[in-house]
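Below: the structure, in structure tokens.
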Amino acid sequence: MIPSIPELALMRGLRPDPGNNRGCAIERRGAPERMSRPPARGLLAPMPASNPVLVRNRILSTLAKTEYRRLRPGLEQVALQENEVLYAPGDVVRYIYFPDDAVVSLLFDVDGHRTVEVAMEGNEGAVGLAIYLAGVNSCNLSIVRDPGTAMRMEVNVLTKCANQRGRLQDLLRRYVHALVTQVAQAGVCNRFHSIEARLARWLLMTQDRVGSHELRATQESIARMLGVRRSSVTAAAGRFHEQHMIDYCRGRIEILDQRRLRAASCSCYGIIKRQYDSFLN
Ligand SMILES: [Zn+2]
Numbered sequence: 001m002i003p004s005i006p007e008l009a010l011m012r013g014l015r016p017d018p019g020n021n022r023g024c025a026i027e028r029r030g031a032p033e034r035m036s037r038p039p040a041r042g043l044l045a046p047m048p049a050s051n052p053v054l055v056r057n058r059i060l061s062t063l064a065k066t067e068y069r070r071l072r073p074g075l076e077q078v079a080l081q082e083n084e085v086l087y088a089p090g091d092v093v094r095y096i097y098f099p100d101d102a103v104v105s106l107l108f109d110v111d112g113h114r115t116v117e118v119a120m121e122g123n124e125g126a127v128g129l130a131i132y133l134a135g136v137n138s139c140n141l142s143i144v145r146d147p148g149t150a151m152r153m154e155v156n157v158l159t160k161c162a163n164q165r166g167r168l169q170d171l172l173r174r175y176v177h178a179l180v181t182q183v184a185q186a187g188v189c190n191r192f193h194s195i196e197a198r199l200a201r202w203l204l205m206t207q208d209r210v211g212s213h214e215l216r217a218t219q220e221s222i223a224r225m226l227g228v229r230r231s232s233v234t235a236a237a238g239r240f241h242e243q244h245m246i247d248y249c250r251g252r253i254e255i256l257d258q259r260r261l262r263a264a265s266c267s268c269y270g271i272i273k274r275q276y277d278s279f280l281n
């Protein structure tokens, strides 16, 4: 059984991790801007065609101006709240979401008592696209892990736009391939690689998507994403902390040494990153 929404709310709790709540370096320096902004409040007004909203989604920003202008009337900017469920198992996809700075996790249920993240979609992504193209209802949970904004478009409007001249159709197709690679690699990673290597990969991938070396995550939430026990994450994070690769407290993690964290990660990080870096070219 997929966890209930209240259970999912615990996944990104604001509760401090016991034992890590006294005077950490992150706290002394103060919360970064992206952590201190007010919570998202739901759907914003549809974007007027004349409104020059900054587009940070990499698929949309890669389009030629003329093609983007054609899409713009069908796009609306929305604020995605932490733990907001975009698609639950059985849902029909109505909208494709193009995150700007939000990060969405694709979670699968494991034997009814835990979940595992098979992919994360950030500003390179188009959430819901793979399910829509397959012509099926969602079989997983798509949940907002990091709040922020996204542009969304109704699927029938997107289909019309993609069938017109331009790069959109090709970009979406290539994106789905990159996403499939990420899902497949996650399967390999979960089966063959150590928790330490998987944790390093997860931190680096999250950093790439939020665009900051300071991340929001508790050890409990990471354990649920990786499908492991919290004590395993605590041990791995503790080793990274001892080696001054990360700092953490109160649901925040700071990456101090990206180069060494990358060395500690498995090859999956590089394989997935290359796919995502190349699909836009
Ligand atoms: Zn791996």
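In the numbering used here, the protein residues as written are 1 to 281.
Just so it is clear, CB atoms sit at the ideal spot from N, CA and C, and this is done for glycine as well.
- Could you say which of VAL180, PRO89, GLU124 and GLU196 lies nearest to CYS266 if we only look at CA atoms? If you number the sequence shown from 1, residue 266 lands on position 266. The residue with the shortest Cα to Cα distance from CYS266 is GLU196.
- Query: What runs of the beta strand (DSSP E), each 3 residues or longer, lie entirely inside the segment 120–199?
  - Reply: 141–146 and 148–154
- Message: Quick check on this structure: which residue in ASN281, ASN163 and GLY135 has the alpha carbon closest to the alpha carbon of ARG174?
- Response: Taking the sequence shown and counting its residues from 1, one reaches residue 174 at position 174. Measuring from the Cα of ARG174, the nearest candidate turns out to be ASN281.
- Item | Identity of the residue in THR66, ARG70, VAL116 and ILE246 nearest SER221 by Cα | Sequence index remark: in the sequence shown, residue 221 carries index 221 (1-based). For SER221, the nearest C-alpha among the options comes from VAL116.
- Quick one: does the C-beta of ALA197 sit closer than 7 Å to a heavy atom of ligand 1? Start at 1 with the first residue of the sequence shown, and residue 197 comes out as number 197. It does: the Cβ of ALA197 is within 7 Å (strictly closer) of some heavy atom of ligand 1.
- Query: Would DSSP call ASP208 helix, strand or coil?
  - Reply: Residue 208 sits at position 208 when you count from the first residue of the sequence shown. In the three-state DSSP reduction, ASP208 falls in the helix class (H, G or I).
- Item | Through-space distance from SER231 to ARG145, alpha-carbon basis | The residue you call residue 145 lines up with position 145 of the sequence shown. The residue you call residue 231 lines up with position 231 of the sequence shown. Straight across, the Cα-Cα distance linking ARG145 with SER231 is about 21 Å.
- Query: Where the beta carbon is closer than 5 Å to any heavy atom of ligand 1, which residues qualify, in chain order?
  - Reply: In chain order, the qualifying residues are CYS189, HIS193, CYS266 and CYS268.
- Item | Contained alpha helix (DSSP H) runs [length at least 4] in the segment 48–111, N- to C-terminal order | 58–62 and 65–71
- Item | Reference ARG114; option with closest CA among LYS273, VAL228 and SER278 | On the sequence shown, residue 114 is found 114 positions in, with the first residue counted as 1. Comparing Cα positions, the closest option is VAL228.
- Item | Proximal residues to VAL118 (C-beta, below 6 Å), its chain only, five neighbours per side dropped | Locating residue 118 in the sequence shown gives position 118, where the first residue counts as 1. Excluding sequence neighbours, VAL118 sits near LEU106, PHE108, VAL183 and ALA186.
- With DSSP collapsed to three states, give me the class of LEU260. Stepping through the sequence shown from its first residue, residue 260 is reached at position 260. Looking at the sequence shown, residue 260 is not Leu but Arg. Three-state result, ARG260: helix.
- Excluding the 5 residues preceding and the 5 following LEU199 in the sequence, name in chain order all residues of the same chain whose CB lies nearer than 6 Å to its CB. By 1-based counting over the sequence shown, the position of residue 199 is 199. Shown here for LEU199: same chain residues with a beta carbon closer than 6 Å to its own, the five before and five after excluded, namely ALA236 in chain order.
- Between which two residues does the alpha helix (DSSP H) harbouring LEU226 extend? Numbered from its first residue, the sequence shown carries residue 226 at position 226. It spans 219–226 - the alpha helix (DSSP H) in which LEU226 sits, taken as one unbroken run.
- Task: Helix, strand or coil for LEU280, going by three-state DSSP, please let me know.
- Result: Indexing the sequence shown from 1 puts residue 280 at position 280. DSSP places LEU280 in coil when its eight states are reduced to three.
- Task: Check whether the segment 128–146 touches the segment 78–91, counting contact only when three or more Cβ pairs, one atom from each stretch, lie closer than 8 Å.
- Result: yes
- Pull up the distance between the alpha-carbon of TYR68 and that of TYR276, whole angstroms please. The residue you call residue 68 lines up with position 68 of the sequence shown. The residue you call residue 276 lines up with position 276 of the sequence shown. TYR68 and TYR276 have their C-alpha atoms spaced approximately 21 Å apart.
- Message: Using a 10 Å radius around the Cβ and a threshold of 16 neighbouring Cβ atoms, would you call THR283 buried or exposed?
- Response: Missing from the structure shown is residue 283; the chain here goes from 1 to 281 and no further.
- Message: Check for me: the alpha helix (DSSP H) holding ARG239 runs from which residue to which?
- Response: Here residue 239 corresponds to residue number 239 of the sequence shown, with the count starting at 1. Segment 230–242, the alpha helix (DSSP H) holding ARG239.
- Item | Endpoints, the beta strand (DSSP E) within which ARG250 is located | Reading the sequence shown from its first residue, position 250 is the one you call residue 250. First-last for ARG250: undefined, no H or E at that position.
- Message: Are the CB atoms of GLU121 and PRO99 within a distance shorter than 8 Å?
- Response: One-based indexing of the sequence shown puts residue 99 at position 99. One-based indexing of the sequence shown puts residue 121 at position 121. Going by C-beta atoms, PRO99 is nearer than 8 Å to GLU121.
- Quick one: what does DSSP say LYS273 is sitting in, helix, strand or coil? Residue 273 sits at position 273 when you count from the first residue of the sequence shown. Assignment of LYS273 by DSSP, reduced to helix, strand and coil, places it in the helix class.
- Query: Alpha carbon to alpha carbon, how far is PRO39 from VAL210?
  - Reply: Along the sequence shown, read from residue 1 onward, the residue named residue 39 stands at position 39. Along the sequence shown, read from residue 1 onward, the residue named residue 210 stands at position 210. Because the pLDDT at PRO39 is just 36, under 50, the model does not fix this residue reliably, and the value given afterwards should be weighed accordingly. Spanning the two alpha carbons is a distance of roughly 16 Å.
- Task: Determine which residues share a DSSP beta bridge with VAL116 and list them.
- Result: Taking the sequence shown and counting its residues from 1, the one referred to as residue 116 is at position 116. VAL116 pairs with PHE108.
- Task: Could you tell me which residues DSSP pairs with ARG216 in its beta bridges?
- Result: Walking along the sequence shown from the start, residue 216 turns up at place 216. DSSP, once it has assigned bridges, lists ARG252 as partnering ARG216.
- Item | Backbone secondary structure at SER265 - three-state DSSP | To locate residue 265, count along the sequence shown from 1; it is residue 265. Coil.
- Message: As a quick exercise: from GLN243, PHE279 and GLY270, pick the residue whose alpha carbon is nearest that of ASP257.
- Response: Indexing the sequence shown from 1 puts residue 257 at position 257. Among GLN243, PHE279 and GLY270, the Cα nearest to that of ASP257 belongs to GLN243.
- Return yes when the Cβ of ARG152 is within less than 8 Å of the Cβ of GLU214, no when it is not. If you number the sequence shown from 1, residue 214 lands on position 214. If you number the sequence shown from 1, residue 152 lands on position 152. No, the pair does not count as a contact, with Cβ atoms beyond the cut-off.
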